[in-house]
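**Student:**
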Amino acid sequence: MSKLSSRLRAIVRGNPPGSSPDAELTFEPDVPEKRGELPPPPDISRAAEALGGRPVENQYGRVLAVDRRYEADRWHGETQIGGCELDDFEPLRALDARFRSSWSPEPGARSLTASPMFFDLETTGLNGGAGTVAFLVGCAWFDCGALQVRQFVLTSMAAERALLEALREQIDAAPFVASYNGRTFDAPLMDVRWAFHRLPSPFETKPHFDMLPPARRLWKHRGEQSAGALARFSERTGCSLMAFERQLLKFRRVDDVPGFEIPSRYFHFLRTGDAAGLESVLEHNRLDLVSLAVLTARAARIVVGGYAACADARESLALGRIYEGNGRVADARACFEHAAEAGDRPTRADALSRLAISLRKERRYEAAAAVWRRLVDARPPRTKTLLPLERLAMEALAVHHEHREKDLELAKKFAEALNDENGDEAIRRRLSRLERKMSERQSPLLN
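For the sequence shown, this note's numbering gives the first residue as 2, with consecutive numbering after it.
Rendered as structure tokens:
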């Protein structure tokens with residue numbers, strides 16, 4: 002081993018193999034010669050005074066809690082806080098299939114009326130894993146029409162167990178939790194932190210409503226409309242909470258801290274004890290919670306109100322799909338009819354095709370064919386290019402008239418309309434079969 006070490010040192014030093022090195026290699030860390038001790042953790046009392054909070058103590062230590070209350074008469078954009086309290090969370094079960102499967106009421110039992118606990122995290126990074134810590138956990142719930150917000154701030158890494166215990170107490174007091182993308186990011190991250198401290202996670206047994214999937218289903222396609230701001234909406238911001246906050250709730254933040262700055266502000270607080278930079282982070286988190294509560298109430302109202310509560314045809318179409326997924330066939334068809342009457346050409350085609358397929362599943366072939374015909378006839382005059390769903394309607398009509406109505410002439414008419422440069426081999430085979438059948442039908446008459 003010593004010979005190998007000597008040869009390696011010689012190679013590093015540039016000496017010929019076998020020659021004695023000029024000096025022994027030693028490891029010299031690149032640090033200043035005089036380094037002071039690490040700064041002490043920030044004083045929780047000073048941080049509480051700066052942020053308007055108070056220390057909360059439990060069996061694991063102390064954590065900083067900051068309370069704010071949004072009264073019922075306060076407005077968030079165009080929505081009043083007092084009108085957002087949920088008195089029944091059955092509509093949320095319709096919106097989120099995973100939430101529906103995690104909680105099923107007993108037969109004859111009333112739905113829970115207590116407020117859910119909305120929660121949102123601010124973390125030291127976005128990668129997740131054992132190295133990412135939630136230094137700010139925001140919780141919110143409705144109390145007598147007002148929205149009560151409580152935020153737990155991690156003033157030192159040693160206080161994480163105390164923060165986890167305080168959060169567990171909040172979760173245990175709620176019938177279920179609600180988040181925005183929390184099932185994918187927030188809850189798994191907190192599960193890792195509880196596991197790190199060898200503590201059970203309350204998320205494992207608590208029903209969890211995630212607002213992101215319903216928001217995507219209800220409002221994702223609004224950006225496809227040709228109206229100015231909405232046309233740029235989906236391209237620029239997608240389905241983020243702040244995007245829906247601006248476009249749906251009509252709320253705009255002033256001097257909001259950018260998300261990429263949040264971890265650095267927290268690390269500055271740990272190094273210096275100066276909590277001034279955290280105030281805007283807490284405000285950012287509070288606004289996320291308020292927007293989540295208001296957006297959840299908006300979605301629930303749409304489910305309860307049906308197509309009459311929808312803002313436009315696309316929303317009605319999306320609601321119909323949600324109803325359909327919940328087995329509410331009649332409500333779904335009513336939404337599809339409304340979307341077909343009020344929507345543009347793509348929306349109308351989507352709505353009518355879903356309506357026709359729904360009828361066909363019940364073997365109501367005549368009614369389904371009538372809807373397919375409505376879809377075909379609704380095309381603008383002198384339109385040569387067919388939408389994919391319009392092609393589907395013509396193909397369905399060709400099948401219906403060939404096999405059920407036995408009207409070969411009409412079946413051939415629809416098949417010929419599909420036999421353009423984009424026509425596939427199946428259409429050409431259908432035309433050949435129809436021509437053969439028509440020829441066979443005429444042969445006995447000629448004889």
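Cβ atoms here follow ideal geometry from the backbone N, Cα and C, with glycine treated the same way. These numbers were taken from a predicted model, which means no experiment stands behind them.
In the structure shown, what three-state DSSP assignment does arginine 434 receive?
**Tutor:** Residue state, collapsed to three classes: helix.
**Student:** Say whether the region 292–309 touches the region 274–283, bearing in mind that this needs 3 or more beta-carbon pairs closer than 8 Å, one atom from each stretch.
**Tutor:** As far as the Cβ criterion goes, the region 292–309 does not touch the region 274–283, which means the pair count is below three.
**Student:** Round the Cβ separation of valine 138 and phenylalanine 153 to the nearest angstrom and send it over; I've been treating them as touching at under 8 Å.
**Tutor:** Rounded, the Cβ-Cβ distance is 5 Å, consistent with contact.
**Student:** Can you check whether the CB of alanine 370 is closer than 7 Å to the CB of leucine 353?
**Tutor:** No, Cβ-Cβ distance for leucine 353 and alanine 370 is not below 7 Å.
**Student:** Quick test of your reading: alanine 399 and phenylalanine 415, contact by CB under 8 Å. State the CB separation rounded to the nearest angstrom.
**Tutor:** That belief holds up - the Cβ atoms of alanine 399 and phenylalanine 415 are roughly 4 Å apart, short of 8 Å.
**Student:** Identify, in the order they occur along the chain, each residue of the same chain with its Cβ nearer than 8 Å to the Cβ of histidine 269, setting aside the five sequence neighbours on each side.
**Tutor:** Once the five neighbours on either side are set aside, the close Cβ partners of histidine 269 are Asp275 and Gly278.
**Student:** For histidine 222, which residues in the same chain have their Cβ closer than 7 Å to its Cβ, ignoring the five residues on either side in sequence?
**Tutor:** For histidine 222, where only same-chain residues beyond five positions count, the Cβ hits under 7 Å are Arg315.
**Student:** Measuring CB atoms only, is the region 318–335 touching the region 114–128, in the sense that at least three cross pairs come out at less than 8 Å?
**Tutor:** No, the region 318–335 does not touch the region 114–128.
**Student:** Can you tell me whether alanine 276 is helix, strand or coil according to DSSP?
**Tutor:** The answer is coil: DSSP assigns alanine 276 none of H, G, I, E or B.
**Student:** Using only the alpha-carbon positions, how far apart do aspartate 68 and valine 330 sit?
**Tutor:** In a straight line, the C-alpha of aspartate 68 is about 45 Å away from that of valine 330.
**Student:** Please tell me whether histidine 222 has its Cβ less than 7 Å away from any Cβ of chain D.
**Tutor:** Given the protein chain composition of this structure (a single chain), no chain D is represented.
**Student:** Since serine 317 contacts tyrosine 324 with CB under 8 Å, what's their CB separation in whole angstroms?
**Tutor:** So it is not a contact: roughly 10 Å between Cβ atoms.
**Student:** How about the region 40–56 and the region 251–266: do they share at least three Cβ pairs that are nearer than 8 Å?
**Tutor:** The region 40–56 is not in contact with the region 251–266.
**Student:** Nearest by alpha-carbon distance to aspartate 289: which of Leu242, Arg392, Leu219 and Asp408 is it?
**Tutor:** Of Leu242, Arg392, Leu219 and Asp408, the residue nearest in Cα terms is Leu242.
**Student:** Would you kindly work out how many angstroms separate the C-alpha atoms of asparagine 59 and arginine 70, rounded to a whole number?
**Tutor:** Each residue's alpha carbon lies about 23 Å from the other.
**Student:** Alpha carbon to alpha carbon, how far is alanine 343 from leucine 320? Give it in angstroms, no decimals.
**Tutor:** So the two alpha carbons sit approximately 14 Å from each other.
**Student:** For a quick check, are the C-beta atoms of alanine 160 and valine 64 less than 7 Å apart?
**Tutor:** Yes, they are a contact pair.
**Student:** Please state if the CB of leucine 165 and the CB of tryptophan 142 are separated by a distance shorter than 7 Å.
**Tutor:** Going by C-beta atoms, tryptophan 142 is not nearer than 7 Å to leucine 165.
**Student:** Restricting to runs no shorter than 4 residues, where is the alpha helix (DSSP H) found entirely within the region 300–348?
**Tutor:** Counting only runs of 4 or more, we get 314–326 and 330–343.
**Student:** Below 7 Å CB to CB, which residues in the same chain sit around alanine 379 once its five sequence neighbours on both sides are set aside?
**Tutor:** Cβ within range, chain order: Arg349.
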